[in-house]
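Here is the structure we will look at.
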């Protein structure tokens, strides 16, 4: 039987990646299966096999974003593939080296390992000159904007997102990325103290997500809208949108999805700030139970922090949860938790503890600024 040309398989993998970038699951799955059927009959080409492994990894990242993996076995298989890719790293050169570092950075990001993620992205950036495709460059800029936002490097985030969204707007088929770019722009505006400028971006994102029936993004758009109201001190409106967000995730089958923990944690904050303590405790218990079920140790500690702060009044537990999250490098989360703790202790008249947490706010803000110096270049 005549061998299949590796160049033909390479073109197929490029087409597969095109559909992955567009979150087009049916076509991406079809290309994946077609390519797998060609590999056994392909002329020997180790680079192509590595390229296939990298794209299979990226394919799983796409699926995990759209349909979060629910059971430990599938997540373990995902980690196993990630480790296999990492073991092959020394064999990678040129564009394959770019893809490895870029995709592995995405994986680290999803595991809250932000410094690791940006280290891999920075390595990928060194190979970016090898990337000629505009959409691939937009993908890189989007992921850099995303990670810089989470590290509260807002101006850097806005610099990258402006480049990304300009490219996506020229391509009608990249609706998901356009929506996600609107999220990043709005979230940066909130961090920069302009929640009123964030609202139009979130409203536009919600409209597009609803039109395209992108299930997970409807819940995310509602959550982000809630954030804009919360940071504008419109707590009642924030609570409405947070509940809408949680319901949207549940109605679309995302009740076992880690991102549902974000609106739940904000709902806890909102209820306790508006002195609706019974509802706050109910949301808190839901959050603890779900975070434990999903093995999300970061969000589990966030919820136990709030329980110790608002319900148990357990200062030692508040302090130990703070230490744990500090060790994990969750400085942006800790800045917000410390603000809440400072306000709480001020309200109950404990000036020493309030002062301690106001100092922690400044401390974590300083660590956030310094974090830009911690990753490898």
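Numbering (our numbering), first residue to last: 55 to 431. By construction, the Cβ of each residue, glycine as well, lies at the ideal position given by its N, Cα and C atoms. These numbers were taken from a predicted model, which means no experiment stands behind them.
Residue i, buried or exposed, once every other Cβ within 10 Å from all chains shown has been counted against 16
i, result
"residue 130", "Any reading at residue 130 needs caution, since the residue's pLDDT is 47, under 50, leaving its predicted position unreliable; the model's value is listed next. Exposed: under 16 other Cβ atoms inside 10 Å."
"residue 401", "exposed"
"residue 184", "exposed"
"residue 358", "buried"
"residue 218", "buried"
"residue 324", "buried"
"residue 187", "exposed"
"residue 32", "This structure does not reach residue 32, given that the chain is present from 55 up to 431, and the question cannot be answered."
"residue 98", "exposed"
"residue 414", "buried"
"residue 273", "buried"
"residue 337", "buried"
"residue 278", "buried"
"residue 388", "buried"
"residue 394", "buried"
"residue 162", "buried"
"residue 366", "exposed"
"residue 59", "exposed"
"residue 125", "Low local confidence applies: a pLDDT of 44 at residue 125 is under 50, so the model's placement there is unreliable, and no value is given."
CA-to-CA distance, residue j to residue i, given in whole angstroms
i, j, result
"residue 386", "residue 69", "38 angstroms"
"residue 411", "residue 376", "10 angstroms"
"residue 113", "residue 398", "45 angstroms"
"residue 423", "residue 86", "42 angstroms"
"residue 169", "residue 57", "44 angstroms"
"residue 127", "residue 160", "Per-residue confidence for residue 127 stands at a pLDDT of 47, beneath the threshold of 50, marking its modelled position as unreliable; the derived number appears in the next sentence. Their backbone Cα atoms lie some 21 angstroms apart in a straight line."
"residue 382", "residue 418", "13 angstroms"
"residue 167", "residue 304", "27 angstroms"
"residue 216", "residue 326", "37 angstroms"
"residue 317", "residue 311", "12 angstroms"
"residue 158", "residue 174", "7 angstroms"
"residue 334", "residue 120", "29 angstroms"
"residue 285", "residue 275", "16 angstroms"
"residue 164", "residue 345", "15 angstroms"
"residue 138", "residue 339", "38 angstroms"
"residue 347", "residue 80", "30 angstroms"
"residue 380", "residue 421", "10 angstroms"
"residue 76", "residue 271", "14 angstroms"
"residue 178", "residue 61", "24 angstroms"
"residue 189", "residue 172", "20 angstroms"
"residue 82", "residue 71", "8 angstroms"
"residue 370", "residue 332", "23 angstroms"
"residue 96", "residue 149", "21 angstroms"
"residue 231", "residue 106", "24 angstroms"
"residue 416", "residue 100", "52 angstroms"
"residue 209", "residue 356", "27 angstroms"
"residue 224", "residue 214", "17 angstroms"
"residue 192", "residue 74", "14 angstroms"
Host alpha helix (DSSP H) of residue i (start-end)
i, result
"residue 235", "229-245"
"residue 262", "249-266"
"residue 29", "As shown, the chain starts at 55 and ends at 431. That puts residue 29 outside it, with no answer to give."
"residue 414", "405-424"
"residue 307", "No alpha helix (DSSP H) holds residue 307; DSSP gives it neither H nor E."
"residue 112", "100-120"
"residue 177", "168-179"
"residue 402", "Where residue 402 is concerned, there is no enclosing alpha helix (DSSP H), given that its DSSP letter is neither H nor E."
"residue 186", "Note, residue 186: premise wrong, no alpha helix (DSSP H); not H, not E."
"residue 433", "This structure gives no information on residue 433, because the portion of the chain shown stretches from 55 to 431."
"residue 377", "369-381"
"residue 348", "Segment: none, residue 348 is in no alpha helix (DSSP H) and carries neither H nor E."
"residue 323", "315-327"
"residue 78", "Note, residue 78: premise wrong, no alpha helix (DSSP H); not H, not E."
"residue 208", "208-223"
"residue 272", "269-284"
Expected contact under 8 angstroms - CB spacing of residue i and residue j to nearest Å
i, j, result
"residue 229", "residue 266", "5 angstroms"
"residue 322", "residue 360", "5 angstroms"
"residue 432", "residue 64", "This structure does not reach residue 432, given that the chain is present from 55 up to 431, and the question cannot be answered."
"residue 351", "residue 315", "Contact doesn't hold; Cβ gap of about 11 angstroms is too wide."
"residue 319", "residue 353", "7 angstroms"
"residue 244", "residue 282", "6 angstroms"
"residue 181", "residue 152", "4 angstroms"
**Prompt:** If we count Cβ pairs, one from each stretch, closer than 8 angstroms, do we get three or more for the region 289-299 versus the region 240-252?
**Reply:** Contact between the region 289-299 and the region 240-252 is absent: fewer than 3 CB-CB pairs across the two stretches fall below 8 angstroms.
**Request:** Specify whether the region 231-243 and the region 186-206 touch according to this definition: at least 3 beta carbon pairs, one from each stretch, less than 8 angstroms apart.
**Result:** yes
**Message:** So, does the region 297-307 touch the region 256-263, judging by three or more C-beta pairs under 8 angstroms?
**Reply:** no
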